[in-house]
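Peer 1: Here this note's numbering is used: the first residue of the sequence shown is 753, the next is one more, and so on.
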Amino acid sequence: MSIIIKNRKLEVPGLKTTSWLDPEAPALKIKQVTDKSPRKTWIRSIVCHTVHGKLGKLLPGYGPNTDLDLRYARYQTNTERQVSWDFTEDFSGDWIIQNDPLEFFTWQAGAVNAHTCGLEMVQHDNGDLYEDQIQKAVLFIDFLTAILGIQRQIPWDTEKDKPMLRLVNRISGDGKGKDVVGVYNHSNQTSNRGPGDCGPWLPAALKAAGYLPFNFDKNEDKAFWKAEQLKLGLKPEECDGVPGPQTTKLLLQSGKKHGMIVPRTIDTLITIP
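What follows is the structure, given as structure tokens:
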């Protein structure tokens, strides 16, 4: 079981992950993505997708252990379409790993590809997902945010206190998400797929896990981070409200595990190479 980060095989505590470098990969026909480009900048965000983009129900418990994740994994390395993504989750919460996000970026979300990585969650034809599938996705994202240095925050409708499922201009507009750090839905980036990509369940679970909820188009995140950057010792003119590598490094030096301002249980279980 492995996930590949900067050419190293790591494990995600509490999750089953199968990468293209694992011994069982050839028999399962799991390959590294073919549609990819060299990573040239730091990863700002994780884009969350569902395979159908449909808004369905959240079903109780774990879903069945199917081969749908394998089918989608094989599809993206065999199709003539120019499409790819990094990670695929089955109903059971198992993951297939097909890219090293620090070496390459996949072609999963248009204009934001160069500074994001992307995950796909298998769903039923009507859009239904499972509660424990969502919780395993939260755990996987906990790992990714720590290992990639992505601060734990999400788009949120702070006036109505609900997940932001529509376009976020700072992500979908001319800025192309370059000043957005965190975890967001594909529907925050494009209107091509609708609110079910990836729906309300994952952002709601992330908020319940402590991820910071902000209205990005009102720059609530920037106001928060400018204040934090000032506390960390940056000069006022250096406080841009974007918690990039420098901010994460300062948080690490201040005693925050992995430089994460929001702590998660998994932080004590992993070592960053």
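Using N, Cα and C, we set each Cβ at its ideal position, and we do this for glycine too.
1) What whole-angstrom Cβ distance do His938 and Ala866 have, given they're in contact under 8 Å?
2) Who does Val932 pair with in a DSSP beta bridge?
3) If I measure Cβ to Cβ from Asp1036 and keep anything under 8 Å in the same chain, skipping five residues before and after, which residues do I get?
4) Does the Cβ of Val933 have 16 or more other Cβ atoms within 10 Å, making it buried, or fewer, making it exposed?
5) Alpha carbons only, please: which of Lys928, Glu972 and Glu841 is nearest the one belonging to Gly815?
6) Can the beta-carbon of Tyr963 be found closer than 7 Å to that of Arg904?
7) Let's test the definition: count the other Cβ atoms within 10 Å of the Cβ of Lys788 and tell me whether it reaches 16, buried, or not, exposed.
8) Since Val799 sits in a beta bridge, which residues does DSSP pair it with?
9) Taking its Cβ as the centre, do 16 or more other Cβ atoms sit within 10 Å of Lys809, making it buried, or is it exposed?
10) On a CA-only basis, which of Pro790, Ile757, Lys768 and Leu896 is nearest Gly1011? Give me that one, please.
11) Could you tell me the boundaries of the beta strand (DSSP E) in which Trp859 lies?
Peer 2: In this structure, then:
1) Not really, about 16 Å apart at Cβ, beyond 8 Å.
2) DSSP output for Val932 lists no bridge partner at all.
3) Nothing can be reported for residue 1036, as the shown portion of the chain is limited to 753 through 1025.
4) buried
5) Glu841
6) yes
7) buried
8) Gly870 and Tyr936
9) exposed
10) Leu896
11) Run containing Trp859: none; DSSP gives neither H nor E here.
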